[in-house]
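Using this note's numbering, the first residue of the sequence shown is number 51, and each one after it goes up by one. Have a look at the structure below, then the notes.
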Amino acid sequence: MIWLFRIDRTLVNLESIEANVERKRTEPLVRMMSAPGGTVQKKPSQQASSDENNQKQKQVSSIAEEIISQALVKAKAIIREAEAEALEIKKLARQRGYDEGIFKADALIEAAIEKDKDQLKNIILRIEEKRREMFDSMESEMLRLTFSIIKKVFSQVSKSDSSLFESMISNALMQMNKEGKITIRVNTEEYERFFSAGDMSFVIGDKLLTAAVLPDPNMNCGDCIIESEGETVNAGINNQLRRIEIAFQQADGVPV
């Protein structure tokens with residue numbers, strides 16, 4: 051049989067139980083002593099019977115006391131065990147509540163982080179889309195502006211430094227047919243500034259080439275035309291920059 055106890059100190063009072071047992075055990079003796087004269091006169095046969103009854107009553111009382119004493123000991127043990135179990139249950143309940151609270155908090159934080167990530171991703175995508183739209187509309191103009199600035203820079207450099215022309219002419223000669231007479235035509239002002247001697251020598255690989263340089267009033271500053279037998283190359287600054295500009299525009303899909 052399983053006994054169920056309610057763990058409540060206001061309901062379980064072992065001291066009162068023990069007092070009630072003691073009171074019931076002494077009540078017969080008190081009643082007998084309170085009779086008139088303090089004693090009861092009995093006949094010998096009645097006295098013997100009474101003594102036997104008293105002896106049996108004492109035995110029964112002793113057995114009852116032992117049973118009650120054992121019951122009280124067991125009751126105390128059960129109460130202590132129940133209190134310990136109740137305390138453990140409370141601890142487990144608090145820990146479970148704490149763990150569940152932490153788990154729920156972690157889940158809420160994770161959900162908030164994922165939401166922020168999604169929002170940030172959408173913002174980045176919108177910014178990238180706007181950037182592409184802006185650059186697509188401005189790229190052609192930006193390229194033209196960039197190369198316009200480069201042309202002005204080269205124009206200023208070419209007015210004071212002949213090495214720019216020499217480098218362009220050498221690069222062009224390396225890629226063209228060098229058979230026969232080689233003639234180089236440049237703008238009149240640049241001819242007078244850099245090539246007034248009329249002839250100029252260039253080291254191409256392990257060979258030394260001499261070319262005739264002629265002024266051409268119809269050419270612009272920075273222009274340079276190189277002619278050999280059966281081949282003509284435009285090696286001018288403006289022409290080379292234009293070719294680079296076209297290559298950039300084609301690579302980016304910008305109309306030329």
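C-beta: ideal position from N, C-alpha, C; glycine also.
Margin query: For residue 265 and residue 283, which I take to be in contact (beta-carbon distance under 8 Å), what is that distance rounded to the nearest angstrom?
Written below: Actually they do not touch by this definition, with Cβ atoms about 18 Å apart.
Next item on the list: Leaving aside the five residues before and after residue 80 along the sequence, list all residues of the same chain whose C-beta is less than 8 Å from its C-beta, in chain order.
Entry: Unreliable positioning characterises residue 80 in this predicted model, as indicated by a pLDDT of 43, which lies under 50. A coordinate reading is not provided.
Notebook entry, point to check: In the DSSP assignment, what residue or residues form a beta bridge with residue 260?
Noted result: Answer by DSSP bridge pairing, in chain order: 251.
Check: What span of residues does the alpha helix (DSSP H) with residue 246 cover, start to end?
Finding: Per DSSP, residue 246 belongs to no alpha helix (DSSP H) and is neither H nor E.
Notebook entry, point to check: Which two residues bound the contiguous alpha helix (DSSP H) that contains residue 232?
Noted result: Element bounds for residue 232: n/a, residue is neither H nor E.
Margin query: Can you tell me whether residue 212 is helix, strand or coil according to DSSP?
Written below: Correct three-state label for residue 212: coil.
Item checked: Whether residue 226 touches residue 290 by CB criterion (9 Å) -> For residue 226 and residue 290, no; Cβs fall outside 9 Å.
Notebook entry, point to check: Any heavy atom of the ligand GDP closer than 8 Å to the Cβ of residue 279?
Noted result: As presented, the structure is devoid of all ligands, the ligand GDP included, so that no description of it is given.
Item checked: For residue 277, the three-state DSSP class (helix, strand or coil) -> DSSP, reduced to helix, strand and coil, places residue 277 within a strand of the structure shown.
Note to self: DSSP has residue 156 in a bridge; who is on the other side?
What the structure shows: Looking at the DSSP output, residue 156 sits in no beta bridge, so it has no partner there.
Next item on the list: Pick helix, strand or coil for residue 14, following the three-state DSSP scheme.
Entry: Residue 14 lies beyond the stretch modelled for the chain, which goes from 51 to 306, so this question has no answer here.
Next item on the list: Could you pull out every unbroken alpha helix (DSSP H) segment of at least 4 residues lying fully inside the stretch 110-141, listed in chain order?
Entry: Entirely contained in the stretch 110-141, not one alpha helix (DSSP H) run reaches 4 residues.
Next item on the list: State yes or no: is the C-beta of residue 244 within less than 9 Å of the C-beta of residue 223?
Entry: Against a cut-off of 9 Å, the Cβ pair of residue 223 and residue 244 comes out as no contact.
Checklist line | Contact belief for residue 277 with residue 233 at Cβ below 8 Å, rounded distance in angstroms | finding: Contact holds; Cβ gap of about 5 Å.
Note to self: Given a cut-off of 9 Å on the beta-carbon distance, is the pair residue 287 and residue 195 in contact?
What the structure shows: Taking 9 Å as the Cβ cut-off, residue 287 and residue 195 do not qualify as a contacting pair.
Notebook entry, point to check: From the DSSP output, which residues share a beta bridge with residue 283?
Noted result: According to DSSP, residue 283 bridges with 276.
Next item on the list: For residue 160, count neighbouring C-beta atoms within 10 Å of its own C-beta (all shown protein chains included) and say buried if the count is 16 or more, exposed if not.
Entry: Counting the other CB atoms within 10 Å of its CB gives residue 160 a total below 16, which places it among the exposed residues.
Next item on the list: Return helix, strand or coil for residue 237, following the three-state DSSP convention.
Entry: For residue 237, the three-state secondary structure derived from DSSP is strand.
Next item on the list: Mind reading off the beta-carbon distance from residue 272 to residue 204? Whole number of angstroms is fine, and I expect it under 8 Å.
Entry: That pair is a contact at about 7 Å.
Item checked: Top-ranked residue by Cα proximity to residue 294, from 200, 263 and 267 -> Closest option to residue 294, Cα to Cα, is 200.
Note to self: From the DSSP secondary-structure annotation, give me the bridge partner or partners of residue 265.
What the structure shows: 236, per the DSSP bridge assignment.
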